[in-house]
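**Q** Respectively, the protein sequence lines represent chains A and B. Final position of the first sequence in the numbering used here is 754; the numbers increase by one with none missing. Final position of the second sequence in the numbering used here is 754; the numbers increase by one with none missing.
2 protein chains.
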Amino acid sequence: MSVHLPPPNPTELFPIAGVRIGVTEAGIRKAGRKDLSVVLLDDGASVAGVFTQNRFCAAPVQLCREHLALGEGIRAMLINTGNANAGTGEDGLIRALHTCQALADKLGVTKQQVLPFSTGVIMETLPIERIEAGLDAAIADAKADNWLRAAEAIMTTDTVPKAFGAQVMIDGVRVSITGISKGAGMIRPNMATMLGFMATDACVSRGLMKQLALELAEGSFNRVTVDGDTSTNDSFVVIATNQAAHAPITSLDSAAGQALKTAMLGVARQLAQAIVRDGEGATKFITIVVEGGKTSAECRQVAYAIAHSPLVKTAFFASDPNLGRILAAVGYAGIADLDQTGIDLYLNEVLVARKGGRNPDYREEDGQRVMQQAEITVRVSLGRGAAFDTVWTCDLSHDYVSINADYRS
Amino acid sequence: MSVHLPPPNPTELFPIAGVRIGVTEAGIRKAGRKDLSVVLLDDGASVAGVFTQNRFCAAPVQLCREHLALGEGIRAMLINTGNANAGTGEDGLIRALHTCQALADKLGVTKQQVLPFSTGVIMETLPIERIEAGLDAAIADAKADNWLRAAEAIMTTDTVPKAFGAQVMIDGVRVSITGISKGAGMIRPNMATMLGFMATDACVSRGLMKQLALELAEGSFNRVTVDGDTSTNDSFVVIATNQAAHAPITSLDSAAGQALKTAMLGVARQLAQAIVRDGEGATKFITIVVEGGKTSAECRQVAYAIAHSPLVKTAFFASDPNLGRILAAVGYAGIADLDQTGIDLYLNEVLVARKGGRNPDYREEDGQRVMQQAEITVRVSLGRGAAFDTVWTCDLSHDYVSINADYRS
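(1) So which of B/Thr586, B/Gly679, B/Ile631 has the shortest CA-CA distance to B/Gly418?
(2) According to DSSP, simplified to helix, strand and coil, what is B/Thr586?
(3) Between the region 403–420 of chain A and the region 365–383 of chain A, do at least 3 Cβ pairs fall closer than 8 Å?
(4) Considering only C-alpha positions, which residue in the set A/Gly530, A/Leu448, A/Val675 is nearest to A/Gln646?
(5) DSSP three-state label for A/Val647, please.
(6) Strictly under 7 Å for the Cβ-Cβ distance: is A/Met531 near chain B by that measure?
(7) Along the chain, where does the beta strand (DSSP E) that runs through A/Gly761 open and close?
(8) I need the straight-line Cα distance from B/Leu727 to A/Gly427, nearest angstrom please.
(9) Under a Cβ-count criterion, where at least 16 other Cβ atoms within 10 Å of its own Cβ denotes burial, should B/Thr686 be classed as buried or exposed?
(10) Which value, in whole angstroms, describes the spacing of the CA atoms of A/Ser754 and A/Leu683?
(11) For A/Ala642, which of A/Asn567, A/Leu690, A/Ala663 has the nearest alpha-carbon?
(12) Please state whether DSSP places A/Ser565 in a helix, a strand or coil.
(13) Run through DSSP, which three-state label would A/Ile366 get?
(14) According to the neighbour-count rule (16 or more other Cβ atoms, all chains shown, within 10 Å of its Cβ), is A/Ala483 buried or exposed?
(15) How would you call A/Ala615, buried or exposed, if buried means at least 16 neighbouring beta carbons within 10 angstroms?
(16) Residue ranges of each alpha helix (DSSP H) run of no fewer than 4 residues wholly in the region 605–670 of chain A, ordered along the chain?
(17) Checking 7 Å against the spacing of the C-beta atoms, do B/Ala732 and B/Gly638 come in under that value?
(18) Would A/Gly465 and A/Ala429 be called neighbours here (beta carbons separated by less than 7 Å)?
(19) So with CB distances below 7 Å, who are the chain B contacts of A/Asn491?
(20) One question on the structure: do B/Lys555 and B/Met539 come within less than 7 Å of each other, judged by their Cβ atoms?
(21) Within a Cβ cutoff of 6 Å, which residues of the same chain sit near B/Asp689, ignoring the five residues on either side of it in sequence?
(22) In terms of alpha-carbon separation, which member of B/Gly432, B/Thr738, B/Val513, B/Ile525 lies closest to B/Gly573?
(23) For chain B, is any of its Cβ atoms less than 7 Å away from the one on A/Met554?
(24) Using a Cβ cut-off of 9 Å, which residues of the region 395–407 of chain B contact any Cβ in chain A, in chain order?
(25) Below 8 Å, can you find three or more Cβ-Cβ pairs linking the region 381–398 of chain B to the region 492–500 of chain B?
(26) I need the DSSP call for B/Cys445, collapsed to helix, strand or coil.
(27) I want to see whether chain B comes within less than 7 Å of A/Tyr677, judged by CB atoms only; does it?
(28) Using a C-beta cutoff of 7 Å, does A/Thr577 count as contacting chain B?
(29) Name the two residues that bound the continuous alpha helix (DSSP H) containing A/Ser747.
(30) Taking Cβ positions only, does B/Pro352 come closer than 7 Å to chain A?
(31) Going straight from the alpha carbon of B/Ala613 to that of A/Phe581, what length do you get?
(32) Compute the beta-carbon to beta-carbon distance between A/Ala589 and A/Ile515, rounded to the nearest angstrom, for a pair I have assumed lies under 8 Å.
(33) Does DSSP put B/Pro355 in a helix, a strand or coil?
(34) Would A/His743 count as contacting chain B if we go by Cβ distances under 7 Å?
(35) For A/Ala608 and A/Phe396, I'd like the C-alpha separation in whole angstroms.
(36) By Cβ distance below 6 Å, which residues in the same chain neighbour A/Arg420 in space, the five residues on each side in sequence not counted?
What follows is the structure, given as structure tokens:
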């Protein structure tokens with residue numbers, strides 16, 4: 346199930362000048378489902394990506410890093426679901442590169458101008474013959490208004506496709522932003538999400554793209570978690586096709602840079618939160634705000650301890666205000682000099698604990714009322730500084746266990 | 346349910362000269378169940394404890410630390426289940442101290458000679474009037490062969506009591522060791538387990554007790570995890586009553602010290618592993634050995650990443666050899682310079698992955714055969730050193746979610 350996550354509205358998924366997308370059924374793992382996508386970019390696009398920090402990063406992630414570093418100008422992306430091509434050693438690298446070459450040959454570009462992406466089961470051999478057999482159909486399907494079909498074609502355990510768009514005025518010119526993402530389990534992105542792609546027709550200098558991608562990831566995908574399992578394949582790619590008629594943005598601190606970044610961050614947050622709302626088995630969407638810290642890093646550390654606690658997550662699933670579990674998670678989050686007598690805990694507007702103990706005015710029915718809602722904010726004040734941070738997560742339900750006990754069968 | 350965990354054998358629970366235990370039904374949370382225990386110690390016992398590192402440590406934990414530090418000689422322990430007296434602020438400290446005073450008055454000792462222990466729900470007010478009303482009955486019940494009843498009286502979500510004993514010859518004298526523990530969820534001890542008590546009649550100098558308790562905890566309770574949630578109330582207490590007729594042990598490195606420590610570690614490991622075997626909803630007992638590391642700390646770090654991964658745990662529950670999830674956990678464990686091409690993965694004797702990729706000779710049916718067993722060893726070789734460490738854990742099942750979604754109801 347998913348928490349308040351309607352399917353995307355196709356009219357808000359703006360075509361981006363310079364981007365065409367094609368989708369096909371290549372039968373990579375199962376027959377009869379869209380599982381292969383190509384994203385074709387006009388010459389001149391600025392592209393940057395951020396990728397998983399998992400040391401077991403997948404072969405396609407390794408190639409993406411290499412190809413982006415070469416700077417030849419990315420012209421295509423090749424995305425398959427059904428197989429992660431991770432934990433596949435040297436053979437996995439050879440296979441991923443082979444698919445880049447095959448697509449490059451058909452497009453008349455170099456293999457280093459192709460970025461490969463894979464998602465699905467880990468430690469299984471990538472069936473490159475099926476992928477390569479599907480390329481012609483995917484290319485033939487390519488058009489500008491295919492974002493929704495691509496969002497569908499990258500799904501694994503996702504129950505709904507995830508796609509959002511926005512428009513913003515830059516120097517009097519309307520520019521468009523569209524993004525898609527996938528992911529529901531193995532979600533605790535570290536620099537990126539499972540798979541996320543965003544494109545804009547705005548003009549952004551190439552040197553600025555990496556910073557833009559990092560800042561967008563930090564404010565969105567790097568603040569969500571479903572199960573604390575950082576994937577081997579997390580990839581988040583930002584594309585600026587530079588086709589809008591405004592002067593190129595050369596600083597994110599300029600008025601135009603700020604306007605674009607704010608609009609793009611809005612879309613990135615929607616994409617990231619959509620992953621949590623569609624978290625495997627999720628019945629609750631939980632915002633965890635930790636404030637009053639010495640640093641935002643320690644606020645994040647506490648927020649993630651709460652977000653990853655199976656006991657906290659099952660209490661939310663049960664709508665049971667067993668809120669001492671939140672205090673326990675705060676206590677073991679790893680802040681060595683944390684003073685429990687400085688800590689306040691709110692559930693939405695309800696003050697549950699004050700100065701480390703139960704608030705005398707707290708009534709269980711007030712906690713119960715909040716716990717029954719589908720969207721809940723936990724707010725912890727550490728009482729030791731002015732820093733804060735926010736993390737979004739979901740609960741842990743029977744369906745999470747079912748989905749992950751049955752995923753391959 | 347529990348994994349291969351029969352109820353304790355009463356004939357192996359040796360009475361310890363100098364220790365008497367009494368149990369009663371005080372109605373602390375629910376009527377009609379044993380929930381209050383007193384452990385009475387003869388004068389002259391050496392006592393040491395290790396306690397949770399959770400910064401939200403419970404009021405009784407704070408008092409245990411203070412009372413042990415005063416060194417007046419511990420004469421009694423007071424243990425209740427049904428209420429953790431954690432997250433209760435200043436009021437919780439006052440209440441815990443009040444119960445110590447009440448027991449001390451009845452025994453003619455000081456309140457600082459009493460150690461209090463609580464386990465149960467967090468952030469609820471300790472009902473001291475019920476505890477104090479039960480003291481006379483508990484004291485009247487005190488006898489030397491009550492270890493099993495005490496193991497029952499400290500249970501919460503445990504399905505079986507946990508108690509083990511051993512005997513060992515020291516300088517030609519037979520000494521006895523008996524221990525009990527409780528815990529099934531909120532288990533990721535950091536210096537101790539939820540509650541563990543061990544006693545021996547061996548003669549151990551007081552100055553040695555802290556070191557002995559630490560070394561026992563490090564080799565047992567500090568290597569188990571059920572759900573990664575470090576409790577607010579973890580306490581592990583080691584008692585030597587000094588009543589056996591051998592010369593006092595003054596060094597753990599002496600022959601007598603080694604013999605005693607080895608025997609006690611055997612009991613401590615059984616107690617710790619019993620907690621995992623009785624882990625909430627557990628259907629599998631999993632030993633995770635990580636070797637070939639630069640330090641044992643990094644081996645532990647990797648072992649815990651595997652042990653805490655919900656995806657790995659649900660795969661074990663499903664008996665599904667979806668073993669790439671283990672590689673993913675190794676990859677995100679936080680070793681920044683880990684080289685995936687050095688890593689081997691074994692499931693029992695089956696070589697699953699070699700040099701970071703799928704072993705060409707690995708057949709899924711071999712992995713499947715191991716996964717179906719109730720006791721499984723995961724062995725990861727990091728290929729970068731000679732250090733190793735071991736962690737014990739269990740799987741994540743529907744029953745874990747049910748138990749923790751329903752715990753308070």
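Each residue gets a CB set at the ideal place from its N, CA and C atoms; glycine is no exception.
**A** Quick answer:
(1) B/Thr586
(2) coil
(3) no
(4) A/Val675
(5) helix
(6) yes
(7) Look at the range of chain A in this structure, 346 to 754, and you will see that residue 761 of chain A is not part of it.
(8) 28 Å
(9) exposed
(10) In this predicted model, A/Ser754 has a pLDDT of only 45, less than 50, meaning its place in the structure is not dependable; the value taken from the coordinates is given anyway. Approximately 45 Å, taken between the alpha carbons.
(11) A/Asn567
(12) coil
(13) strand
(14) buried
(15) Note that residue 615 of chain A is Gln in the sequence shown here, rather than Ala. When all chains shown are included, A/Gln615 counts as buried.
(16) 641–653, 655–662
(17) yes
(18) yes
(19) Neighbours of A/Asn491 on chain B: none; closest Cβ ~30 Å, over 7 Å.
(20) no
(21) Arg699, Ser726
(22) B/Thr738
(23) no
(24) Thr397, Gln398, Asn399, Arg400, Phe401, Cys402
(25) yes
(26) helix
(27) yes
(28) yes
(29) 743–751
(30) no
(31) 48 Å
(32) 7 Å
(33) helix
(34) yes
(35) 22 Å
(36) Leu386, Val454, Gln458
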